[in-house]
Structure formats: C-alpha cells, structure tokens
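A.B. asks: One structure is given below, represented as structure tokens, and several questions about it will come after.
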Amino acid sequence: MSESAVQELQTPQVSGTARPAGALDARLAQLDLPQGGFSARARADALSRLRAAGLPGPRDEYWRYTDPRPFTAASPQALPVDGGPESPLFAARDKLTLVFVDGLFDAAASDDLSLEGVEITTLAQADQAGSHWAADLYGALELAGQSPVSRPFATLNTAAARDGVLIRVTGKPAKPVHVLHRRGSEGADAVWHHVIRVESGAELTLLESGVVGARSNGVIEADLAQGAKLHHITAKRANDPKVGLSHLFARVGAEAVLKSFALVVNGSTMRHEAIVDMVGDDAVAHVAAAVLGDGNVGPFHHDDTVFITHGALRGESRQVFKKVLKNGAVGVFQGKILVKNGAQKTDGYQISQALLLDEASQFLAKPELEIYADDVKCSHGSTTGAIDEDALFYLRSRGVPHERAIVFLVLSFLADALEEVEDETLRDEINERLDAWLTDRPRG
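Heads up: the sequence shown at position 318 corresponds to 318 in this note's numbering, and the numbers run straight through without jumps.
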C-alpha cells in the first residue's frame, strides 16, 4: 500500500457540527421515559446532565473515528424480526437464562429466577416496588465514569432504560447467568440497564448473547467488593446488521477480579465502551475482545473504547484486543491506562492488533498511558499487518491447503484474546465458532 493511501486511511474525514441541533430532543421524543420508582432521582439527574451536554457530533474527540449519527438519529433503520437462528454458543451449558425482547424482560421465555447464592430481579419490577438495594448503584457508576471523558449515550441510557436485570451475588452459584436478547419488532430501539453487585468473596459468570433490537444502547454497572470475581462474556449473533452501543462501568475493590471478553462477528456500526475504576489494593481487571469483520456481509465498523483507572496499590490490568478485517471493514481501538498518584506497583498492559486481509480494510488506533506514580510497570502497543507470507508458505509446504492455512494463522492471531476466557470448555466453544465463520460453515 502506498504512503499516500495509508495517510488517507488513517485520517478519516470529519464533517458535521459538534452538537447536532435538535438531535437530543428528537431522540428523546421517540423514547418512553420511565417515571417514579427508586431510580427516579438518578434518571432526573441523568436527564439534566444530558440536556446540558447534548449528544456528540463527529468533531468530538472521542468520536473522531466513529460517526455518532446512527446513534443520534431519532429512530433506527428497521430490520427483519426473524434474522436467523439463535447462536449455538452457550446452548449446551447448564445455565439460568433470562430472555429480553427488545430490551424488555420476557418472563414466560425465561427460567425461574431462583439460584442459590444469587438474588435476581428485573429493573422494571424493582422500580415498581419503590425501594431496592440497587438504588445506591443505579446511575452511580455511570455518573462517576463521566469524568474526565463525557459519555453522553450512557447518560441517555440511565435516563431512558425501562428494564434490565438486577443481580446481587452473595455466594458462588453452581451455574452461570445467561442474558439472551431477542428482537421482537422491526424498528425496536432497545435501551437496557443491568446492575450487578458481587459481595465480598462471591463469584459470578455472566453470559450475554443474541440480537438486541434494530438499534441498542446497553449499560452494565458492576460493583465488585473485596475478593469478589466477575467473569463477563458476551457474543452477539453473527451477521446481524444492527446498530449497537454497549457500556461497562465497573468498580473493582481490593483483591477483586473482573474479566470481560467480547466476541464480535460482523454486524453494522457498533461501539463498546469499558470504564473500569480499580479502587482497591491488589485488584485485577482484564478487558479483551476478538473481532471479525467482513465488509461483504454489510458495512462493518466496530469501535472499542476503554479507560482503566488505577487508584490503589499493586493493581493489574490487561487490555487485549484483536481484530481481523476484510473487504473494507473498519476497526477502531481507543484505550487508556490512567495511574493515579500513589498507585504504586501498578502493572498495566495494553495491546491492540489488527490483521488486515486486504488493502481496503482499516484499523484506527489511539493507545494512551497517563502515569502519576513512579514505581509502575506499564506498556502499550498497537500493530497492523497482513498475513505472514513466510508462515503461510511453511504451512503450504507441509500440505495444508491455502484457505485452511489462512484459518490456522487467523486463529493463532486471535489466541491471546481468547486466553482471557478462563473457562477452557467455553474457550474451545468460541474457538470452534470462529473456525466455522472463517471456513464459511453453518453457524450462528
């Protein structure tokens, strides 16, 4: 690729106004804003903040690589309700499944909510009761995550979410909780908000999969007490052309462990933000993703934006993002590690890499470190490249067919991200799904 072509790819054109006039009012007019309940104060505060700040435009710094207009539009483009079979991923596992249709809980399709070591209810149901343990958390971590970077779509979510799941973990449940999303109407604009509190010494595995409306805006607020563990694994159904936003706000206490992994296979315009505040000594936070985009399936643009703050001693964080892009697909990574004054012995690691299978695809990366402590081990790196021709030749010389050799190399490239999934059986399931996509076998 020529130097001029590289420059053109790495400097996306920016157009439009910084704050689209009337966009917020038009967006809010299409949403049925909840009233009353324990969340009323947080929702009113969020709406006030949102009206003061407005929605982002293409000239906002943190939206320089992703056009926010699909998210600021008054309504989404309609999509078929029957978009294909549900993903087989997680299907064979023993789990408690909660079904949400267009962001609203479907009790008839869900399992019984009883599970030893876990208290589960829904946001809509708890809000009607008027008081709940989640009252102290709903909107609180989202609000804290607005500094130093504004995240207006998360604020919109706090104001507008009608439902979600509220999970309080007091033990170590025998099986994971699975949130399964389905689309129930063609123009669904799904807004959902989960609140999770993992008490001291407790542990939960949270699985997410399915399709969330024609457009979605999701928030998870996760509070991990001392010694708590949360494993979060999400996989949206392959090839669904929805527009989607998701946010993870996490507060990680002393000796607590957060591990979040996302699998993305095709789609349309998607952005995931992870904002993690490590407030306790010896806290651990790993955020990772394996992303595969094929522009021939449909326009593909996937943005991962991560901000991890170390505010205590001996914290360990890892950001591992691998993206495989072809036929004009676009991948974005914006990642930051902030080490506050006094957060000594911090170990922060960040890597973002893209494998471009043709010259039409793009990877736009902005890695950052900001360090105010002097006894730390922090690193970041970002690379973009093509298939290693020497490795390809080696496999071909051993009798591996050309297409199969490429699959082997791509899976090898993604391996570091998949290693962040601790459950070996689940990791093997994900690897099989990736293999199926790469070889164009039937898959979900």
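Ideal placement from N, C-alpha and C gives every residue a C-beta, glycine not left out.
Decide if Ser15 is buried, meaning its Cβ has at least 16 other Cβ atoms within 10 Å, or exposed.
C.D. replies: Here the question's residue 15 lines up with position 15 in the sequence shown. Note that Ser15 scores 35 on pLDDT, short of 50, meaning its location in the model is unreliable and no value can be drawn from it.
A.B. asks: First and last residue of the alpha helix (DSSP H) that includes Gln125?
C.D. replies: Residue numbering aside, residue 125 sits at position 125 when the sequence shown is read from its first letter. Counting along the chain, the alpha helix (DSSP H) containing Gln125 begins and ends at 123-129.
A.B. asks: In this structure, does DSSP put Arg314 in helix, strand or coil?
C.D. replies: The sequence position of residue 314 within the sequence shown is 314, counting from 1. Three-state result, Arg314: coil.
A.B. asks: Is the number of C-beta pairs between the region 134-143 and the region 184-198 that are closer than 8 Å three or more?
C.D. replies: Touching, yes, given that three or more Cβ pairs across the two stretches are closer than 8 Å.
A.B. asks: Distance check for Ala40 and Ala365, CA to CA, integer angstroms please.
C.D. replies: Here residue 365 refers to the residue found at position 365 of the sequence shown. Here residue 40 refers to the residue found at position 40 of the sequence shown. The straight-line gap from Cα to Cα measures roughly 38 Å.
A.B. asks: Any idea what DSSP makes of Asn327, helix, strand or coil?
C.D. replies: As a position in the sequence shown, residue 327 is number 327, starting the count at 1. If DSSP states are grouped into helix, strand and coil, Asn327 belongs with coil.
A.B. asks: From Ile233 to Leu263, what does the alpha carbon distance come to, in whole angstroms?
C.D. replies: Taking the first residue of the sequence shown as 1, we reach residue 233 at position 233. Taking the first residue of the sequence shown as 1, we reach residue 263 at position 263. Computed Cα separation, rounded: 8 Å.
A.B. asks: What residues are listed by DSSP as bridge partners for Val101?
C.D. replies: Locating residue 101 in the sequence shown gives position 101, where the first residue counts as 1. In the DSSP output, where bridge partners are listed per residue, Val101 has Leu104, Arg182.
A.B. asks: Expressed to the nearest angstrom, what Euclidean distance is found between the alpha-carbon atoms of Val99 and Leu409?
C.D. replies: Position 99 of the sequence shown, counting from 1, holds the residue named residue 99. Position 409 of the sequence shown, counting from 1, holds the residue named residue 409. Roughly 36 Å separates the two Cα atoms.
A.B. asks: In terms of residue numbering, what span does the beta strand (DSSP E) encompassing Tyr349 cover?
C.D. replies: Here residue 349 refers to the residue found at position 349 of the sequence shown. From DSSP, the beta strand (DSSP E) with Tyr349 extends over 347-356.
A.B. asks: Would a C-beta distance cut-off of 8 Å place Pro176 and Leu143 closer than the cut-off?
C.D. replies: Numbered from 1 along the sequence shown, position 176 holds the residue referred to as residue 176. Numbered from 1 along the sequence shown, position 143 holds the residue referred to as residue 143. It is not a contact, given that the beta carbons lie outside the stated cut-off.
A.B. asks: Is the CB-CB distance between Glu368 and Lys336 below 8 Å?
C.D. replies: Residue 368 sits at position 368 when you count from the first residue of the sequence shown. Residue 336 sits at position 336 when you count from the first residue of the sequence shown. Yes, these two residues count as a Cβ contact at 8 Å.
A.B. asks: Mind checking Glu255: buried by the 16 CB within 10 Å criterion, or exposed?
C.D. replies: By 1-based counting over the sequence shown, the position of residue 255 is 255. Looking at its Cβ environment, which holds 16 or more other Cβ atoms inside 10 Å, Glu255 is buried.
A.B. asks: Can you name, in chain order, every residue of its own chain whose Cβ lies under 6 Å from the Cβ of Arg427, other than the five neighbours on each side?
C.D. replies: Walking along the sequence shown from the start, residue 427 turns up at place 427. Within the same chain, Arg427 has close Cβ partners Leu418, Val421.
A.B. asks: With three or more beta-carbon pairs closer than 8 Å as the criterion, would you say the region 166-186 touches the region 282-299?
C.D. replies: No, because fewer than three Cβ pairs between the region 166-186 and the region 282-299 fall closer than 8 Å, the two stretches do not touch.
A.B. asks: For Ala140, I'd like the list of residues in its chain whose CB is within less than 8 Å of its CB, leaving aside the five on either flank, ordered along the chain.
C.D. replies: Taking the first residue of the sequence shown as position 1, residue 140 is located at position 140. Closer than 8 Å at Cβ, skipping near neighbours: Ala42, Glu221.
A.B. asks: Tell me whether Arg51 sits in a helix, a strand or coil according to DSSP, three-state version.
C.D. replies: Translated into the one-based positions of the sequence shown, residue 51 becomes position 51. Residue state, collapsed to three classes: helix.
A.B. asks: For Asp163 versus Leu115, is the C-beta spacing smaller than 8 Å?
C.D. replies: Against the sequence shown, residue 163 aligns to sequence position 163. Against the sequence shown, residue 115 aligns to sequence position 115. Contact: no.
A.B. asks: Under the three-state reduction of DSSP, which class applies to Ala21: helix, strand or coil?
C.D. replies: Counting from one through the sequence shown, the residue named residue 21 turns up at place 21. With a pLDDT of only 49 at Ala21, under 50, the local geometry of the prediction cannot be trusted, and the value read off the model is given with reservation. Looking at Ala21 - three-state DSSP - the assignment turns out to be coil, as it is neither helix nor strand.
A.B. asks: In its own chain, which residues sit with a C-beta less than 7 Å from the C-beta of Trp192, not counting the 5 before and 5 after it?
C.D. replies: Counted from its first residue, the sequence shown places residue 192 at position 192. Around Trp192: Phe100, Gly103, Ala161, Asp163, Gly164, Gly218.
A.B. asks: What's the C-alpha gap between Tyr394 and Ala109?
C.D. replies: Taking the first residue of the sequence shown as 1, we reach residue 394 at position 394. Taking the first residue of the sequence shown as 1, we reach residue 109 at position 109. The alpha-carbon atoms of Tyr394 and Ala109 are separated by roughly 51 Å.
A.B. asks: Just checking: is the beta-carbon of Gly295 within a distance shorter than 8 Å of some beta-carbon in chain D?
C.D. replies: The chain inventory of the structure shown lacks chain D, comprising one protein chain alone.
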